[in-house]
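Under full-length UniProt numbering, read the sequence shown as residues 1 to 229, first letter to last.
The beta-carbon is built from N, C-alpha and C at its ideal position, and this holds for glycine as well.
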Amino acid sequence: MYPRSKATSLKSRYNNDVPKNYENMAVVVALLLSLMSILMVTESTSAIFSSSDKNYMDKLCNSVIVLDGEKKPGSSFSSTSNSKYKPNTNCTLTFKTAQTTQRIITTIEKIDIADSNGATCGDYIKIYDGKFQGPILNKNLAEQCGSSTSSHVSISNVVVFHFFSNGAKEATGFKASVALHFPLVQACPQDLGVYLCTNKNCISKLLKCDGHNHCGDNSDEKICSIGKK
Ligand SMILES: *[C@@H]1O[C@H](CO)[C@@H](O)[C@H](O)[C@H]1NC(C)=O
């Protein structure tokens with residue numbers, strides 16, 4: 001026999017109660033967002049970045065780093081700890097976002113890769129979107145070697161830096177930074193622990209004034225109080 005009350009309650013759940021469920025969901029989402037912002041703000045910046053300034057691609061060769069909003073919203077690294085990079089390097093460094101909706105801002109902050117004949121780069125830094133040898137973010141040859149800085153935002157939630165050097169001349173290399181971009185955080189308000197860059201990228205507030213261009217347009221490093229870099 002069918003218990004009548006069960007049928008009724010099911011029916012009411014799918015009809016009358018639907019708006020209420022959405023209301024509850026909105027409250028839960030709001031609570032989660034505020035909790036997230038508290039976590040993001042209370043996390044000590046020094047704990048995050050004490051090691052990131054010592055990240056070298058030649059030491060991190062072929063590793064995968066996960067970026068997440070709370071513990072690691074960005075990073076920075078340079079090609080080598082030596083005065084010049086080594087010949088015959090073939091190395092990748094992969095960054096993934098913890099949430100698939102997040103994107104990655106890649107910025108080449110400094111570059112000195114001298115081995116070019118104008119038509120090809122003998123040595124280069126290429127940044128792939130999605131996977132190794134997938135679409136290239138820094139398509140322009142002038143962004144892969146030489147001395148022009150550049151910045152791009154990924155379309156997927158994975159970027160792969162590929163540094164290659166042949167046996168010919170070496171130079172000092174490059175410095176790069178990455179940052180999570182939160183495209184779904186509407187208006188990118190500071191009270192949620194995020195910072196709206198001039199170029200409209202939305203990054204973690206923790207990356208502001210840390211000495212690295214994480215926005216891509218350097219707007220996170222422009223207005224900083226004395227004492228901070
Ligand atoms: C560099 O290494 C990748 C594998 O990580 C390989 O697919 C590629 O062929 C190598 N490139 C050269 C020029 O050796």
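- Rounded to whole angstroms, the Cβ separation of residue 151 and residue 216 is 3 Å, and the two are in contact under 8 Å.
- In this structure, the CA atom of residue 219 is about 37 Å from the CA atom of residue 168.
- Each residue's CA atom was taken as its position, placing residue 192 and residue 55 some 28 Å apart.
- Between residue 161 and residue 203, the C-beta spacing is not below 9 Å.
- Taking 9 Å as the cut-off, the beta carbon of residue 94 is found closer than this to the beta carbon of residue 132.
- Scanning its chain for C-beta atoms nearer than 8 Å, with the 5 sequence neighbours on each side dropped, one finds around residue 157 the residues 96, 97, 99, 100, 101, 102, 103, 104, in chain order.
- DSSP links residue 195 through a beta bridge to 203.
- For residue 109, there is no enclosing alpha helix (DSSP H); the enclosing beta strand (DSSP E) has its first and last residue at 103-112.
- 170 is the residue among 170, 194, 196, 198 whose C-alpha sits nearest the C-alpha of residue 85.
- Residue 94 has its CB no nearer than 8 Å to any heavy atom of ligand 1.
- For residue 77, the closest C-alpha among the options 189, 138, 194, 63 is that of 63.
- Leaving aside the five residues that flank residue 68 on each side, the residues in its chain whose CB is nearer than 8 Å to its CB run, in chain order, 97, 98, 99, 180.
- The C-beta separation of residue 166 from residue 123 comes to about 6 Å, placing the pair in contact by the 8 Å criterion.
- When DSSP states are grouped into helix, strand and coil, residue 54 belongs to the helix group.
- The Cβ-Cβ distance between residue 153 and residue 106 falls below 9 Å.
- Annotation: residue 74 to residue 112 spans about 23 Å, alpha carbon to alpha carbon.
- In the three-state reduction of the DSSP assignment, residue 141 falls in the helix class.
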